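*Asks:*
There are 2 protein chains.
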Amino acid sequence: MSLLIVGSVALDSVATPKGKVEDALGGSATYFSIAAKHFAPEVNVVAVIGEDFPKRHVDLLLGRGINLDGLEIKPGKTFRWAGVYDESFGDPETLDTQLNVFEQFAPCLPESYCGCGFVFLGNIDPTLQRQVVSQVKSPVLVAADTMNFWIEGKLDELKELLKEIDLLLINAMEVRLLSGEKSLLKGARKILDMRPKALVIKRGEFGTLMVTRDGLFALPAYPIEEVIDPTGAGDSFAGGFMGYLAMRGAVNETELKRAVVAGTVIASFNVEGFSIERLSSIKRDDIRARMKHFREITEFTVPEI
Amino acid sequence: MSLLIVGSVALDSVATPKGKVEDALGGSATYFSIAAKHFAPEVNVVAVIGEDFPKRHVDLLLGRGINLDGLEIKPGKTFRWAGVYDESFGDPETLDTQLNVFEQFAPCLPESYCGCGFVFLGNIDPTLQRQVVSQVKSPVLVAADTMNFWIEGKLDELKELLKEIDLLLINAMEVRLLSGEKSLLKGARKILDMRPKALVIKRGEFGTLMVTRDGLFALPAYPIEEVIDPTGAGDSFAGGFMGYLAMRGAVNETELKRAVVAGTVIASFNVEGFSIERLSSIKRDDIRARMKHFREITEFTVPEI
Chain A
1 MSLLIVGSVA LDSVATPKGK VEDALGGSAT YFSIAAKHFA PEVNVVAVIG
51 EDFPKRHVDL LLGRGINLDG LEIKPGKTFR WAGVYDESFG DPETLDTQLN
101 VFEQFAPCLP ESYCGCGFVF LGNIDPTLQR QVVSQVKSPV LVAADTMNFW
151 IEGKLDELKE LLKEIDLLLI NAMEVRLLSG EKSLLKGARK ILDMRPKALV
201 IKRGEFGTLM VTRDGLFALP AYPIEEVIDP TGAGDSFAGG FMGYLAMRGA
251 VNETELKRAV VAGTVIASFN VEGFSIERLS SIKRDDIRAR MKHFREITEF
301 TVPEI
Chain B
1001 MSLLIVGSVA LDSVATPKGK VEDALGGSAT YFSIAAKHFA PEVNVVAVIG
1051 EDFPKRHVDL LLGRGINLDG LEIKPGKTFR WAGVYDESFG DPETLDTQLN
1101 VFEQFAPCLP ESYCGCGFVF LGNIDPTLQR QVVSQVKSPV LVAADTMNFW
1151 IEGKLDELKE LLKEIDLLLI NAMEVRLLSG EKSLLKGARK ILDMRPKALV
1201 IKRGEFGTLM VTRDGLFALP AYPIEEVIDP TGAGDSFAGG FMGYLAMRGA
1251 VNETELKRAV VAGTVIASFN VEGFSIERLS SIKRDDIRAR MKHFREITEF
1301 TVPEI
């Protein structure tokens, strides 16, 4: 089934202990769409860029079969972000954020996108996220990302959004902030009471916890030999997750778990290179092999006691 | 097979957002032995206490069938620790440490302990850990815990110890410190080159990574509804891990993985109560049920792509 992503396309300047890049292709919609396209037959992007956005980046995305009918070009400059990671590869220090054309982003779906079965609302103002939902006709699954900025600044609007989506991607700190609960599990259940059917709690290098009404799924991260650049790990996870579900066209406990695995594996490739280098060079067989290896290194039998 | 633990027995004063206890039973050998005794038929403790140590604590350990022939009573006071956990339940703030009789601890094994098949060297001076190893006759498995204090202060002695043990329990920060490698996996392999056959890397609420010459095993933590007191989580993990292996009497990849599961499950109970409250009230059936549940919430099938 076709998949819709609304998010940012950006030019990132990133430094890590392994090197640096300047004005490299980035943004949530970029990472998401390249990750998702490894699985989903049709990935449709809604985003905005400025007149300075290099044509080679557009060509790269088009060349991967990603639909850019919803990519607006506006007068002005493209969204830029600059950040530095230290040796822990934890949260980066932001050196510069220039929203530019992204500041006035008002996502408008091309007519051809309105029938998308799977919808992912990247981390933008919940008011805009709701506007996107209202433009899609009877989707199978709507998922959203959010962040502390919106939880603290637009809580009411975010709560309205939660009534309109099926699945929320969130980190542990945000679960506690949104629910007011110290316990992660209790907090997650409180958010499920606000309507979403599933919460996918991202814990970076420590894995993922999915909480649904029917149960729990705990998955460690795939152990990486050498992290190069963590930028886009969360967005490529989301892309792998949604892309897999869109490819299968079905949403049930088994497929949701597999989607978490798909997201984890795709994200593990992403952090092995700067920008989209590694994410765009892997093949279906690389992904398959890593999924199989992941199964092997996490498998156990119940202890006999 | 019989299991030997050398470590501390202490009186802990702990405050967490869920309450507090004063002079409660604690120490690595305490948590370890109670955890291990859920599995191992024979658990032998080597530790030291002062004359002020309450008889009821000794009776509790003896009542659980733990062998205290190696528990020395020395003139002076028992090791005391006081700490506070904040709402993140991360590393505690230490308010007070009084080593007391533990300062002069020179572990001496009763003759009856020298034939133990499984040996765990709690986190003490590596010189003392080596003295213990030298007193044990042909053990099946010797495992050790350590910490940054010894890596930084007694590196040569610790490296000698590594040549004499089979398995090291360590956290991610310590792997990096001991190996000088930023990458966890590379660092772990470098430590395996120093002789141990396996490294069990504890990541607290984020699970465990075991690295052996033959492979990897990644396990998330068991998701807890409500953490009460994290004190002793690492020691009860170690006790469950070693106790399970001693019960099975065999060390192979399958049993090592199951031992990590056993340690994780036992540690998950431990943090649900202050001191040893929860750890000492659970039954074999509680452990079995949680192991089974743990399997269910971590199981997945490889995505079909």
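Protein chains in written order, with my numbering: chain A, 1 to 305; chain B, 1001 to 1305.
By construction, the Cβ of each residue, glycine as well, lies at the ideal position given by its N, Cα and C atoms.
Only a predicted model underlies this, so the values are computations on that prediction, with no experimental measurement involved.
Our contact map puts Leu1121 of chain B next to Phe1105 of chain B with C-beta atoms below 8 angstroms; I'd like the distance itself, whole angstroms only.
*Replies:* Here residue 1121 of chain B corresponds to residue number 121 of the second sequence, with the count starting at 1. Here residue 1105 of chain B corresponds to residue number 105 of the second sequence, with the count starting at 1. With a Cβ gap of about 13 angstroms, Leu1121 of chain B and Phe1105 of chain B do not count as contacting.
*Asks:* Tell me, please, which residues DSSP counts as bridged to Met1210 of chain B.
*Replies:* As a first step, residue 1210 of chain B is located in the second sequence; it is residue number 210 there, counting from the start. Looking at the DSSP assignment, Met1210 of chain B forms a beta bridge with B:Val1200, B:Phe1217.
*Asks:* Answer with yes or no whether the minimum CB distance from Ser28 of chain A to chain B is below 8 angstroms.
*Replies:* Indexing the first sequence from 1 puts residue 28 of chain A at position 28. By this cut-off, Ser28 of chain A is not an interface position.
*Asks:* Give me the Cα-Cα distance between Lys20 of chain A and Pro92 of chain A, rounded to the nearest whole angstrom.
*Replies:* In the first sequence, residue 20 of chain A corresponds to position 20, counting from 1. In the first sequence, residue 92 of chain A corresponds to position 92, counting from 1. If I take the Cα positions, the gap works out to 13 angstroms.
*Asks:* Could you please give the first and the last residue of the uninterrupted alpha helix (DSSP H) stretch that includes Val265 of chain A?
*Replies:* Within the first sequence, the letter at position 265 stands for residue 265 of chain A. Val265 of chain A -> alpha helix (DSSP H) spans 253-270.
*Asks:* Report yes if the C-beta distance between Asn1044 of chain B and Thr1078 of chain B is below 8 angstroms; otherwise report no.
*Replies:* Here residue 1044 of chain B refers to the residue found at position 44 when the second sequence is read from its first residue. Here residue 1078 of chain B refers to the residue found at position 78 when the second sequence is read from its first residue. No.
*Asks:* Where does Ala289 of chain A sit, in a helix, a strand or coil, going by DSSP?
*Replies:* Taking the first sequence and counting its residues from 1, the one referred to as residue 289 of chain A is at position 289. In the structure shown, Ala289 of chain A sits in a helix (DSSP, three-state: H, G or I).
*Asks:* Please confirm whether Val14 of chain A and Asp229 of chain A have their CB atoms less than 8 angstroms apart.
*Replies:* Locating residue 14 of chain A in the first sequence gives position 14, where the first residue counts as 1. Locating residue 229 of chain A in the first sequence gives position 229, where the first residue counts as 1. Against a cut-off of 8 angstroms, the Cβ pair of Asp229 of chain A and Val14 of chain A comes out as a contact.
*Asks:* Please confirm whether Ser1268 of chain B and Leu1025 of chain B have their CB atoms less than 8 angstroms apart.
*Replies:* Translated into positions along the second sequence, residue 1268 of chain B becomes position 268. Translated into positions along the second sequence, residue 1025 of chain B becomes position 25. No, the pair does not count as a contact, with Cβ atoms beyond the cut-off.
*Asks:* Per DSSP, Ser1179 of chain B is paired with what?
*Replies:* Stepping through the second sequence from its first residue, residue 1179 of chain B is reached at position 179. Answer is none; Ser1179 of chain B lacks a bridge partner.
*Asks:* Does any CB atom of chain B fall closer than 8 angstroms to the CB of Leu219 of chain A?
*Replies:* Working through the first sequence from its first residue, we reach residue 219 of chain A at position 219. Yes, contact with chain B.
*Asks:* Which complete beta strand (DSSP E) runs does the segment 14-76 of chain A hold, if anything under 3 residues is left out?
*Replies:* Fully enclosed beta strand (DSSP E) runs of 3 or longer: 19-26, 42-50, 67-74.
*Asks:* Under 7 angstroms: does the beta carbon of Asn1067 of chain B sit that close to some heavy atom of the ligand SAH?
*Replies:* The ligand SAH is not part of the structure shown, which contains no ligands of any sort.
*Asks:* Considering only residues of the same chain and omitting the five flanking positions on each side of Leu1109 of chain B, which have a CB-CB separation below 8 angstroms?
*Replies:* To locate residue 1109 of chain B, count along the second sequence from 1; it is residue 109. Excluding residues within five positions, the ones whose Cβ falls inside 8 angstroms are Leu1004, Val1046, Gly1070, Val1132, Gln1135, Val1136.
*Asks:* Express the C-alpha separation of Glu205 of chain A and Leu66 of chain A in angstroms, rounding to a whole number.
*Replies:* For the purposes of this step, residue 66 of chain A is taken as residue 66 along the first sequence, with counting starting at 1. For the purposes of this step, residue 205 of chain A is taken as residue 205 along the first sequence, with counting starting at 1. Per the sequence shown, the amino acid found at residue 66 of chain A is Ile instead of Leu. Rounded to whole angstroms, Ile66 of chain A to Glu205 of chain A spans 28 angstroms at the Cα level.
*Asks:* Please confirm if Ser1179 of chain B has its CB atom under 8 angstroms from at least one CB of chain A.
*Replies:* Here the question's residue 1179 of chain B lines up with position 179 in the second sequence. Answer no: the Cβ-Cβ gap between Ser1179 of chain B and chain A never drops below 8 angstroms.
*Asks:* Bridge partners of Ile224 of chain A, per DSSP?
*Replies:* Within the first sequence, residue 224 of chain A is the residue found at index 224, counting from 1. DSSP output for Ile224 of chain A lists no bridge partner at all.
*Asks:* Can you give me the start and stop residues for the beta strand (DSSP E) that Ala1250 of chain B sits inside?
*Replies:* Residue mapping note: residue 1250 of chain B aligns to position 250 of the second sequence, counting from 1. Neither: Ala1250 of chain B is in no beta strand (DSSP E) and is coded neither H nor E.
*Asks:* Show which residues of chain B have a CB atom less than 7 angstroms away from the CB atom of Val261 of chain A.
*Replies:* As a working note, residue 261 of chain A is residue 261 in the first sequence. Going along chain B in sequence order, the residues near Val261 of chain A (Cβ under 7 angstroms) are Phe1300, Pro1303.
*Asks:* What does DSSP give as the partner residues of Ile1170 of chain B in its beta bridges?
*Replies:* Residue numbering aside, residue 1170 of chain B sits at position 170 when the second sequence is read from its first letter. Per DSSP, B:Ile1201.
*Asks:* In terms of residues, what are the limits of the alpha helix (DSSP H) holding Leu1003 of chain B?
*Replies:* For the purposes of this step, residue 1003 of chain B is identified with residue 3 of the second sequence, where counting begins at 1. Looking at the DSSP string, Leu1003 of chain B is not in any alpha helix (DSSP H); the run it does join, the beta strand (DSSP E), is 1002-1006.
*Asks:* Spatial neighbours of Trp81 of chain A within its chain, please: CB distance less than 6 angstroms, with the 5 preceding and 5 following residues excluded, ordered by chain position.
*Replies:* Stepping through the first sequence from its first residue, residue 81 of chain A is reached at position 81. Closer than 6 angstroms at the Cβ level, and outside the excluded window around Trp81 of chain A, lie Ala10, Asp12, Thr97.
*Asks:* Taking only the alpha-carbon atoms, compute the straight-line gap between Arg1130 of chain B and Val1200 of chain B and give it to the nearest angstrom.
*Replies:* Reading the second sequence from its first residue, position 130 is the one you call residue 1130 of chain B. Reading the second sequence from its first residue, position 200 is the one you call residue 1200 of chain B. When rounded, the distance between both Cα atoms is 20 angstroms.
*Asks:* For the segment 221-246 of chain A, list every residue whose C-beta sits within 8 angstroms of some C-beta in chain B, in sequence order.
*Replies:* Listed by position, the residues of the segment 221-246 of chain A near chain B (Cβ gap below 8 angstroms) are Ala221, Tyr222, Pro223, Ile224, Glu225, Glu226, Val227, Tyr244.
*Asks:* Based on DSSP bridge pairs, tell me the residues matched to Leu141 of chain A.
*Replies:* The residue you call residue 141 of chain A lines up with position 141 of the first sequence. Looking at the DSSP assignment, Leu141 of chain A forms a beta bridge with A:Phe118.
*Asks:* Whether or not the segment 292-299 of chain A and the segment 1208-1223 of chain B are in contact is what I'm after, with contact meaning three or more pairs of Cβ atoms, one per stretch, closer than 8 angstroms; do they touch?
*Replies:* With the cut-off at 8 angstroms, the segment 1208-1223 of chain B and the segment 292-299 of chain A touch.
*Asks:* Please list, in chain order, the chain B residues whose beta carbon lies closer than 8 angstroms to that of Ile34 of chain A.
*Replies:* In the first sequence, residue 34 of chain A corresponds to position 34, counting from 1. Going along chain B, no residue has its Cβ under 8 angstroms from Ile34 of chain A, so there is no contact; the nearest lies around 16 angstroms.
*Asks:* Name the chain B residues that come within less than 9 angstroms of Thr254 of chain A, Cβ to Cβ?
*Replies:* Reading the first sequence from its first residue, position 254 is the one you call residue 254 of chain A. Per Cβ cutoff of 9 angstroms: Phe1300, Thr1301.
*Asks:* Are any of the Cβ atoms in chain B nearer than 8 angstroms to that of Arg284 of chain A?
*Replies:* In the first sequence, counting from the first residue as 1, residue 284 of chain A sits at position 284. Yes, because at least one Cβ of chain B sits closer than 8 angstroms to the Cβ of Arg284 of chain A.
*Asks:* Got a sec? Which residues, its chain only, sit under 6 angstroms from Gly1263 of chain B by beta carbon, not counting five neighbours each side?
*Replies:* Numbered from its first residue, the second sequence carries residue 1263 of chain B at position 263. Cβ neighbours of Gly1263 of chain B beyond the five flanking positions: Phe1237, Gly1240, Phe1241.
*Asks:* Roughly how far, in whole angstroms, is the beta-carbon of Ser1183 of chain B from the beta-carbon of Glu226 of chain A, given that I think they are within contact range, below 8 angstroms?
*Replies:* The residue given as residue 1183 of chain B occupies position 183 in the second sequence. The residue given as residue 226 of chain A occupies position 226 in the first sequence. The pair is a contact, with the Cβ atoms about 5 angstroms apart (cut-off 8 angstroms).
*Asks:* Determine the DSSP secondary structure at Val1084 of chain B, reduced to helix, strand or coil.
*Replies:* Sequence index remark: in the second sequence, residue 1084 of chain B carries index 84 (1-based). It is a strand residue.
*Asks:* Using the Cα positions of Val1302 of chain B and Ser1281 of chain B, report the straight-line distance between them to the nearest angstrom.
*Replies:* For the purposes of this step, residue 1302 of chain B is taken as residue 302 along the second sequence, with counting starting at 1. For the purposes of this step, residue 1281 of chain B is taken as residue 281 along the second sequence, with counting starting at 1. Taking the straight line from one Cα to the other gives about 38 angstroms.
*Asks:* Do we get a CB-CB distance below 8 angstroms when we pair Arg1295 of chain B with the residues of chain A?
*Replies:* One-based indexing of the second sequence puts residue 1295 of chain B at position 295. Closer than 8 angstroms: yes.
*Asks:* State the Cα-Cα distance for the pair Arg1195 of chain B and Ala1143 of chain B, rounded to the nearest angstrom.
*Replies:* Working through the second sequence from its first residue, we reach residue 1195 of chain B at position 195. Working through the second sequence from its first residue, we reach residue 1143 of chain B at position 143. The alpha-carbon atoms of Arg1195 of chain B and Ala1143 of chain B are separated by roughly 12 angstroms.
*Asks:* Taking Asp1096 of chain B as part of the beta strand (DSSP E), name the residues at either end of that continuous run.
*Replies:* For this step, residue 1096 of chain B is matched to residue 96 along the second sequence. Start and end: 1093-1098.
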